[in-house]
Amino acid sequence: MLVTPNPILLNSSFVPGSISKSGCASPSSSPFLCSSYPSDMDTAAGQILYPLHRCKTLHLVRHAQGFHNVEGEKNFEAYKSYDLFDASLTPLGWKQVENLRGHVKASGLSKTIELVIVSPLLRTMQTAVGVFGGEACTDETSVPPLMNAGVGDSDRQAISSLNAPPFIAVELCREHLGVHPCDKRRSISDYRHMFPAIDFSLIENDEDILWKPDIREKNEEVAARGLKFLEWLWTRKEKEIAVVTHSGFLFHSLSAFGNDCHPTVKSEICTHFANCELRSMVVVDKGMIGSDESSTNYSGKIPYGLDLPSDVADENHIGNGN
584 MLVTPNPILL NSSFVPGSIS KSGCASPSSS PFLCSSYPSD MDTAAGQILY PLHRCKTLHL
644 VRHAQGFHNV EGEKNFEAYK SYDLFDASLT PLGWKQVENL RGHVKASGLS KTIELVIVSP
704 LLRTMQTAVG VFGGEACTDE TSVPPLMNAG VGDSDRQAIS SLNAPPFIAV ELCREHLGVH
764 PCDKRRSISD YRHMFPAIDF SLIENDEDIL WKPDIREKNE EVAARGLKFL EWLWTRKEKE
824 IAVVTHSGFL FHSLSAFGND CHPTVKSEIC THFANCELRS MVVVDKGMIG SDESSTNYSG
884 KIPYGLDLPS DVADENHIGN GN
């Protein structure tokens, strides 16, 4: 996981910088960077200590296999086909979702994640509710489901929101915008019927005004949007968050990090994600963006008593000329 001061990302270390013309992070000016080491001792150890309450744990997930992945691998030009508009998951993709769901339960993540953030596209929302949602709905429950039955022409049962964390759709973590119809979203009104328990309140426009048919978002623009998304995360009170998003968004956003880390760590952060891959990282508030106080620190000296450490006493003794 990531640990560093300004927000930073670590694979189990994660840290971004400002974006240069090349699309890479500039380590000197971002609140998210692999920190430089403060001393020779720290450099030798290759480890960093940082206050827990200034960190967040992120579980980053790329969506499962969609129909656009299958057709695009056969012929790249298929990505430009409107037949793949807002592509849904394939049957194999749903099997990938089931396998990741089993891992999330077995590893205990299902008990610790406080919030699920999801890109508002069909394949990401199907993946998110399938992995982190409740069980199949029954007629006895009165709460709205995370997903209704048959969404995306699938054979899936409705998925319950019972015993599941809150789900919020956020446009900042969408895939590359423009040109490819598979990356164009439906109206929020349509999605609300499909995914009743997902919160779409942060999305201002019902129709997709971000996707353009003739302009493809540049890689450095995706990376800048990714850093903006990370800064937004610090406005959330939750400390352990799952983010279900896309390959391009993850790759270009995370490539801004890890430049001061060991090459193996850099590789863990910056390689492309496979379908339905999960990587856990820690983001650190190096730049004091957040203001939360620790819920576990304890001030001590309660009740009050003398507690001068022996090494401080020795220093005072020497300083007095004794």
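Here the working numbering is used: position 157 in the sequence shown is 740, and no number is missing along the way. Beta carbons are placed, not taken as given, at the ideal position from N, Cα and C, and that holds for glycine.
Just to confirm, are residue i and residue j a CB contact at a threshold of 8 Å?
i: cysteine 756; j: threonine 828; result: yes
i: threonine 673; j: valine 653; result: yes
i: aspartate 942; j: histidine 636; result: The structure shown does not extend to residue 942, since the chain is modelled only from 584 through 905, so no value can be given for it.
i: serine 744; j: glycine 717; result: yes
i: serine 877; j: proline 634; result: yes
i: leucine 705; j: aspartate 669; result: yes
i: asparagine 746; j: proline 779; result: no
i: arginine 768; j: proline 703; result: yes
i: glycine 761; j: tryptophan 794; result: yes
i: histidine 642; j: leucine 861; result: yes
i: isoleucine 742; j: proline 728; result: yes
Give me, in chain order, the residues of the same chain whose beta-carbon lies closer than 6 Å to that of residue i; leave out the 5 immediate sequence neighbours on both sides.
i: leucine 698; result: Pro748, Pro749, Glu821, Ile824
i: cysteine 607; result: Note that cysteine 607 has pLDDT 40, beneath the 50 cutoff, so the model's placement of it is unreliable and no number is given.
i: isoleucine 751; result: Ile700, Asp782
i: phenylalanine 834; result: His855
i: alanine 719; result: Gln740
i: arginine 684; result: Val714
i: valine 644; result: Val827, Leu861
i: lysine 849; result: Gly841
i: aspartate 623; result: Model confidence at aspartate 623 stands at a pLDDT of 45, short of 50, so the residue's coordinates are unreliable; what they give is reported in the following sentence. Excluding sequence neighbours, aspartate 623 sits near nothing in its chain.
i: threonine 695; result: Glu823
So, at 7 Å on beta carbons, what are the nonlocal neighbours of residue i in its own chain, with the 5 sequence-adjacent residues on each side left out?
i: tyrosine 662; result: His651, Gly655, His763, Cys765
i: histidine 759; result: Asp766, Arg799, Glu800, Val805, Gly831
i: isoleucine 771; result: Phe783, Ile786, Asp789
i: glycine 735; result: Ser671, Leu672, Leu705, Gln709
i: proline 886; result: none
i: serine 725; result: none
I'd like the span of the alpha helix (DSSP H) that includes residue i, first residue to last.
i: cysteine 853; result: 846-853
i: glycine 831; result: 830-837
Return the first residue and the last residue of the beta strand (DSSP E) that residue i is part of.
i: threonine 673; result: Note, threonine 673: premise wrong, no beta strand (DSSP E); not H, not E.
What residues in its chain sit with their C-beta under 8 Å from that of residue i, if we drop five residues either side in the sequence?
i: threonine 707; result: His646, Val701, Val827, Thr828, His829
i: glutamine 648; result: Leu672, Thr673, Leu675, Gly676, Gln679, Asn858, Cys859
i: phenylalanine 812; result: Val753, Leu755, Cys756, Ser836
i: lysine 919; result: Lying before the first or after the last residue shown, residue 919 is absent from the chain, which here runs from 584 to 905.
i: proline 892; result: none
i: glycine 888; result: none
i: proline 846; result: none
i: lysine 604; result: With a pLDDT of 35 at lysine 604, under the threshold of 50, the predicted position of this residue should be treated as unreliable, and no value is reported.
Name the DSSP beta bridge partners of residue i, please?
i: isoleucine 824; result: Leu641, Leu698
i: serine 744; result: Answer is none; serine 744 lacks a bridge partner.
i: glycine 649; result: Leu672
i: alanine 719; result: Ile742
i: serine 863; result: His642
Ranges of the alpha helix (DSSP H) found wholly within the region 726-810, counting only runs of at least 4 = Runs found: 771-777.
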